[in-house]
Amino acid sequence: MASVLKSQIMVTPLSEVIGAKVSGVDISKPLDKETVKQITRAWLDYIVLVFPNQDLTQDQQLSFAKHFGNTGTRSRRPEQRPEGANYDAGIMLITNVKDDKGRYVGSLPDGEMYFHHDMCYMPKPHKGTMLYAIDLPSTGGHTRFSNMYRAYQKIPGSLKKQLAGRTALQVYDFHMTETVDIDGNLDGIHNKSQPIFVRHPETSRTALYVNRLMTAKIDGIPRDESDAILEELFSIIETTENYYEHVWTEGELAMWDNYCSCHARTDFPAEERRLLRRCTLLGEEMIPAS
Ligand SMILES: [Fe+2]
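Using the working numbering, the first residue of the sequence shown is number -18, and each one after it goes up by one.
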């Protein structure tokens, strides 16, 4: 019987705080169990994994994702999705590209995006996101990944005590790249209160789970106090020591863990083409840290 050569992946840290590059694997092909195990281990350790020099169709991207769980479907209804019928219900194009009628062919076209956790405004946020870079602008459009285990550890002890067991309202309107005004009407806008400190279901480590784009207020305390505390937490998340800024290359796939990281996009020239293809992995209800 012919022996099967197990692939040997190579994992190289991208920074001291978060992220690693994975080489030695062609993720367009089905993976053996040992490789999946190695990637899973690296993902739990580094939170963000980047696979350079890949050539992936939509179906190959989804097949790769399925090695790590069930792929998610979009929170937007089919008629609200600009991608149209050529794409799986779980695929989102993140792009400023327009069709010949001048309509965007995807979502989140232009500009900077504040730090956020994907889908944190849903009852069961998706546990992971996989984003594949197809066309990139000559400058900008980088992704900053912040380590939320580390952010939790950096919170002063008195504030940790004050926030223990509390929840915060997560809100998002996908027509915007800025924070929703919660004093307005939230009808039809996704919103969900989530624990501020969460326990990762696999590592059992505690992570901070708030972000500037989607966290509107801490439940049960006055608004001005909530605003001040959130600003203090955001400054911990957004300090350069807590994040790694990824400069994309075409043909690269990044996968990140939404339970223990959040991410932001830097600005880029609106007149230049940017196209990335996203899918996600389903998750469960967030677990409050005890
Ligand atoms: Fe995102």
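All C-beta atoms in this analysis are idealised placements derived from N, C-alpha and C, irrespective of residue type, glycine included.
When DSSP labels each residue in this structure, what does residue i get in the three-state scheme?
| i | result |
| --- | --- |
| Val3 | strand |
| Gly264 | coil |
| Glu233 | coil |
| Glu226 | strand |
| Gly138 | helix |
| Lys18 | helix |
For residue i, I'd like the list of residues in its chain whose CB is within less than 7 Å of its CB, leaving aside the five on either flank, ordered along the chain.
| i | result |
| --- | --- |
| Leu211 | Val191, Thr196, Ile199 |
| Met(-18) | A caution first: Met(-18) carries a pLDDT of 45, below 50, which makes its placement in the model too unreliable to give a value. |
| Gln19 | Ile(-10) |
| Pro104 | Lys173, Glu266 |
| Arg255 | Thr76, Asn77, Asp116, Leu117, Pro118, Gly122, Phe249 |
| Ser242 | Ile(-1), Ile28, Val29, Phe126, Ser127, Asn128, Met129 |
What residue from the options has the CA that sits closest to residue i's CA?
| i | options | result |
| --- | --- | --- |
| Asp164 | Arg204, Thr187, His98 | Arg204 |
| Val3 | Glu(-3), Asn34, Asp13 | Asn34 |
| Arg22 | Gly0, Ile115, Glu64 | Gly0 |
| Asp36 | Thr221, Ser216, Thr(-7), Tyr113 | Tyr113 |
| Lys10 | Gln19, Leu43, Tyr27 | Leu43 |
| Arg62 | Met73, Pro118, Gly53 | Met73 |
| Gly109 | Leu30, Phe96, Tyr68, Tyr130 | Leu30 |
| Glu(-3) | Tyr224, Asp238, Val228 | Tyr224 |
| Phe272 | Met236, Gly232, Glu219 | The displayed coordinates of the chain run from -18 to 271. Any statement about residue 272 would go beyond what the structure contains. |
| Gly122 | Glu213, Ala245, Arg258 | Ala245 |
| Ile8 | Thr(-7), Ile28, Tyr27, Phe45 | Phe45 |
| Lys53 | Trp229, Arg186, Ile268, Arg259 | Sequence check: residue 53 is Gly here, not Lys. It is Arg259 whose Cα lies nearest to the Cα of Gly53. |
| Glu233 | Thr124, Tyr27, His107, Pro59 | Thr124 |
| Asp80 | Leu262, Gly92, Gly65 | Gly65 |
| Thr230 | Leu167, Thr120, Arg193 | Thr120 |
| Lys14 | Phe49, Glu213, Tyr240 | Phe49 |
Near residue i, what residues of its chain come up, given a Cβ to Cβ distance below 8 Å and the 5 sequence neighbours on each side ignored?
| i | result |
| --- | --- |
| Ile170 | Val152, Tyr153, Asp154, Val161 |
| Ser(-16) | In this prediction, Ser(-16) has a pLDDT of 46, which is less than 50 and means its spatial position is unreliable; what the coordinates show is noted afterwards. Hits under 8 Å: none found. |
| Leu25 | Glu183, Thr184, Asp238 |
| His227 | Leu(-5), Gly0, Val29, Val31, His123, Thr124, Arg125, Phe126, Ala235 |
Quick one: residues in its chain with C-beta nearer than 6 Å to the C-beta of residue i, no 5 flanking neighbours on either side, listed in chain order?
| i | result |
| --- | --- |
| Tyr68 | none |
| Ile217 | Ala132, Lys135 |
| Ala235 | Val31, Leu112 |
| Pro(-6) | Ala1 |
| Asp91 | Asn77, Ala251 |
| Pro269 | Pro176 |
Neighbourhood of ligand 1 [Cβ distance below 6 Å to any heavy atom], ordered by chain position: His97, Asp99, His244
Indicate whether the contact test is met: 3 or more Cβ pairs, each with one atom in the region 74 to 91 and one in the region 135 to 151, closer than 8 Å. no
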